[in-house]
Amino acid sequence: MKIAIVGFDREGRASYDYFSARGHSIAVFDQNPNVVLPKDVSSVLGDSYLQTLQNYDLVVRTPSLHPSQLLAAHVQNDKIWSGTNEFFKVCPTKNIIGVTGTKGKGTTSSLITKMLEKAGKTVWLGGNIGIPALDMLKNDIKPDDWVVLELSNFQLIDLQSSPHIAVCLMVVPEHLDWHKDFIEYTDAKRNLFAHQDNKDIAIYFAENETSKAIASAGDGKKISYYSDVGAYIKDNAVVINGHRICTVDEIALLGKHNWQNVCAAVTAVWQVTQDVSAIAKAIKEFTGLQHRIEYVGEKNGIKFYNDSFATGLHATKAALSAIEGPKIAIIGGYDRMLDIDEFGVFLRDEAKDIKQILLIGDSQNRVATMLSGAGLHNYTQSDANNMKQIVAEAVKLADAGDAIVLSPGFASFGLFSNFEERGTLFKKEVAKL
Numbered sequence: 027m028k029i030a031i032v033g034f035d036r037e038g039r040a041s042y043d044y045f046s047a048r049g050h051s052i053a054v055f056d057q058n059p060n061v062v063l064p065k066d067v068s069s070v071l072g073d074s075y076l077q078t079l080q081n082y083d084l085v086v087r088t089p090s091l092h093p094s095q096l097l098a099a100h101v102q103n104d105k106i107w108s109g110t111n112e113f114f115k116v117c118p119t120k121n122i123i124g125v126t127g128t129k130g131k132g133t134t135s136s137l138i139t140k141m142l143e144k145a146g147k148t149v150w151l152g153g154n155i156g157i158p159a160l161d162m163l164k165n166d167i168k169p170d171d172w173v174v175l176e177l178s179n180f181q182l183i184d185l186q187s188s189p190h191i192a193v194c195l196m197v198v199p200e201h202l203d204w205h206k207d208f209i210e211y212t213d214a215k216r217n218l219f220a221h222q223d224n225k226d227i228a229i230y231f232a233e234n235e236t237s238k239a240i241a242s243a244g245d246g247k248k249i250s251y252y253s254d255v256g257a258y259i260k261d262n263a264v265v266i267n268g269h270r271i272c273t274v275d276e277i278a279l280l281g282k283h284n285w286q287n288v289c290a291a292v293t294a295v296w297q298v299t300q301d302v303s304a305i306a307k308a309i310k311e312f313t314g315l316q317h318r319i320e321y322v323g324e325k326n327g328i329k330f331y332n333d334s335f336a337t338g339l340h341a342t343k344a345a346l347s348a349i350e351g352p353k354i355a356i357i358g359g360y361d362r363m364l365d366i367d368e369f370g371v372f373l374r375d376e377a378k379d380i381k382q383i384l385l386i387g388d389s390q391n392r393v394a395t396m397l398s399g400a401g402l403h404n405y406t407q408s409d410a411n412n413m414k415q416i417v418a419e420a421v422k423l424a425d426a427g428d429a430i431v432l433s434p435g436f437a438s439f440g441l442f443s444n445f446e447e448r449g450t451l452f453k454k455e456v457a458k459l
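In the working numbering, each number is its position in the sequence shown, counted from 1, plus 26.
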């Protein structure tokens, strides 16, 4: 079969490894003319890279490439494929748990994995977090094993299969620079549930109507979390079906928003095992992922937190609510022009312990206007163009006893290549203080 791999990033490389190992004729297509390719592979690189795709039997897109771009290049819809679709087609186990949502996917997926491992299951974690789905097949996955996939809207937009257990966390507007509108964004997530039958399970967040609507796309059994149908908080404890798992004070993750993630994970795992001890042990031990309200350390009496993963202001709100005491908040980045007024109301009415807001990136003028409109003037606009300058300016605004919180609320593009680079550079600069 003649196969085109379109986009040679992490997922594209996984697709190349998978299909080439099975003897197919492979060509790589990428907009970057300097992309590093395997030896002797056929390729089409540069701005016109989509123009000759009609000659291939299968066109495997990388998640960042919208299917509409392939359709515009006259690729037949039935030839468009993805690594995620291929994984569902050939995975040796049907014990697959898929997790989506706007934020919290990585944390919840990781928690589910830890809980199942504590319960003695063999578990493989991948997808949008860590290992691309097709690379997971390099492992010896057995029929009785469990696979946990974190799945983004980019991976879900053309998904043609659904996992046995699908989980949808809170969903709010995001990535509207990639999707044509919020409906297309939520429709992508509906695909996680759309192909379920009545033997499957659809889990959703009880307090988010969009999450409920997404989970209704298929025939899976509906179970809500953060309600007494699934796991919820009662008397300062995580409870499910009358079983007390642990107290909220025993949750190692920082912030009340993570109570939701814990309840989502407990609800999913409860469908597999009711091992209360194993579930509780995972909750008490799991401290979180990098770049998610990550405690970096203390310098000269100032605490530093890296929440670079916050690419939307709803996540910034959660971080600023989770970290106690006076704070200097570093906010800003690439502006996708989402609504920001609600965040201003939060800062004015609830976030009384934010001493100063350091605004960075190309979003800062719009954020400054919003803050002034909300009657807030405790902000400083920065013309810093690197993390060394940003950290130095934040330190000047802080006193001993304060916390400096990098929780930008916007994408990294412009100043940094991605949220990982932004967070890693922040930690490096803090280490130098």
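Beta carbons: idealized from backbone N, C-alpha and C, even for Gly.
The Cβ atoms of phenylalanine 180 and proline 89 lie closer than 8 angstroms to each other. Among the bridge pairs identified by DSSP, leucine 84 is matched with Ile29. Counting of Cβ neighbours within 10 angstroms places arginine 216 among the buried residues, the total reaching 16 or more.
Rounded to whole angstroms, the separation of the alpha carbons of glutamate 112 and threonine 395 is 47 angstroms. Phenylalanine 34: not part of any alpha helix (DSSP H); DSSP gives it neither H nor E. Here asparagine 326 is exposed, its C-beta having fewer than 16 other C-beta atoms within 10 Å. Asparagine 58 and leucine 71 do touch by the CB rule: their CB atoms are close to 7 angstroms apart, below 8 angstroms. Rounded to whole angstroms, the Cβ separation of tyrosine 252 and phenylalanine 231 is 6 angstroms, and the two are in contact under 8 angstroms.
Take the alpha-carbon of lysine 381 and the one of glutamate 446: they are about 26 angstroms apart. Assignment of tryptophan 150 by DSSP, reduced to helix, strand and coil, places it in the strand class. Looking at the DSSP output, aspartate 56 bridges to Leu71. The DSSP assignment places complete alpha helix (DSSP H) segments of no fewer than 4 residues inside the segment 385 to 410 at 390 to 399, in order along the chain. Between isoleucine 191 and glutamine 297 a beta carbon distance of about 6 angstroms is seen, short of the 8 angstroms cut, so the two are scored as contacting. With distances taken between CA atoms, proline 199 lies nearest to Thr236 out of Ala220, Thr236, Ser187, Phe219. Every beta strand (DSSP E) stretch that sits fully inside the segment 203 to 261 and reaches 3 residues is listed by chain position as 227 to 231, 247 to 251, 258 to 260. In the three-state reduction of the DSSP assignment, asparagine 165 falls in the coil class, being assigned neither a helical nor a strand state. Here asparagine 332 is bridged, per DSSP, to Glu320, Leu432. Within the model, the alpha-carbon separation for aspartate 184 versus lysine 414 is close to 41 angstroms. Met363 is the residue among Met363, Gly427, Ile416 whose C-alpha sits nearest the C-alpha of phenylalanine 436. In this structure the segment 158 to 171 does not lie against the segment 314 to 326, because fewer than three pairs of beta carbons, one per stretch, are closer than 8 angstroms. DSSP places isoleucine 157 outside both helix and strand once states are collapsed to three, so it counts as coil. Look at leucine 195 here: in three-state DSSP terms it is coil, with no helix or strand label.
A Cβ-Cβ contact shorter than 8 angstroms links valine 85 with leucine 96.
Under a 10 Å Cβ-count criterion, glutamine 300 is classified as exposed, with fewer than 16 other Cβ atoms of the shown protein chains found around its own Cβ.
Annotated as distal: alanine 53 and serine 74, with beta-carbon spacing of 8 angstroms or more.
Selection Gly401, Leu402, Gly314, Ala418 evaluated against aspartate 409 yields Ala418 as nearest (Cα-Cα). Close CB contacts of glutamine 186 within its chain, under the 6 angstroms cut and outside five residues either way in sequence, are with Asn111 (chain order).
Counted as a single uninterrupted DSSP element, the alpha helix (DSSP H) harbouring cysteine 289 occupies residues 283 to 296. Going by C-alpha positions, aspartate 223 is about 44 angstroms away from valine 431. The way I'd put it, the segment 337 to 350 does touch the segment 278 to 286; three or more beta-carbon pairs between them come closer than 8 angstroms.
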